[in-house]
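Comments concern the structure below.
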Amino acid sequence: MLIYQPFYGVNHVVLFEPEIPSNTGNIGRTCVVTGSRLHLIGPLGFSLGDDMLRRAGLGYWHSLDVTTYAGWEEFLAQNGLGETDERLHLLTKKARKTYAQATYADGDFLVFGKESTGLPEELLARAASRCERIPMLPDATTLKDGGEWAARVGREQSHEALRQDVCGNFVDPDDYRISALNLSNSAAIVLYEALRQTNFQGM
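For the sequence shown, my numbering gives the first residue as 138, with consecutive numbering after it.
Now the structure itself:
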């Protein structure tokens, strides 16, 4: 029987169903150089033996502290977490609070969703208080195409007629496009803020 022992004094990066091996490799490298643990929640979109993952991780992958899980429930159980645990930080573009407004402590888990769709809506709804986002400017392409989108769905010919998400991006439900940082950039930004708040060496 697994006995949960909390991991204090270290940060945790959690990737929910990652799809692109090079992103995971880059994040793994960042975890090694910051003394952070990487948690991979399946199903994964690649094999851990993938050459792209190894190349992105350079020579660091063998030094990485990484654990894989069959799914979200297994991840929670093995780490002694509940879905609304204050140690969880769910990173999503759909949050109102930014990552910079969050308070981080040793042993926190920074959770990032898969590249194509992010974290599941039902998970975000159940743990809304744990959701955080990285602020980004509205997508220039989205703004430029606003009139075309409005015409196609029978709305007024104006940007104002289009719905906006919590990040201020214009949204057409039939053709959803949004600018976003890639997964490895997002993980690095939030991880380094967590490290700054927890007095990481050299900060």
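Just so you know, even glycine gets a beta-carbon here, dropped at the ideal spot from N, CA and C.
For Leu247, the closest of Lys231, Lys234, Cys268, Arg263 by C-alpha to C-alpha distance is Cys268. Excluding its 5 nearest sequence neighbours in each direction, Ala264 has C-beta neighbours in its own chain below 8 Å: Glu220, Thr221, Leu225, Leu227, listed in chain order. For Leu175, the enclosing beta strand (DSSP E) starts and ends at 174-178. Counting only runs of at least 4 residues, the stretch 207-277 fully encloses the following alpha helix (DSSP H) elements, listed from N- to C-terminal order: 209-215, 258-263. With a cutoff of 7 Å on beta-carbon distance, Asn160 and Ser321 are scored as near each other.
Nearest to Val151 by alpha-carbon distance, out of Gln338, Leu318, Gly250, Ile271, is Gly250. Between the stretch 161-179 and the stretch 198-208, the count of Cβ pairs shorter than 8 Å is three or higher; the stretches touch. Here the alpha carbons of Gly162 and Ala193 stand approximately 5 Å from one another.
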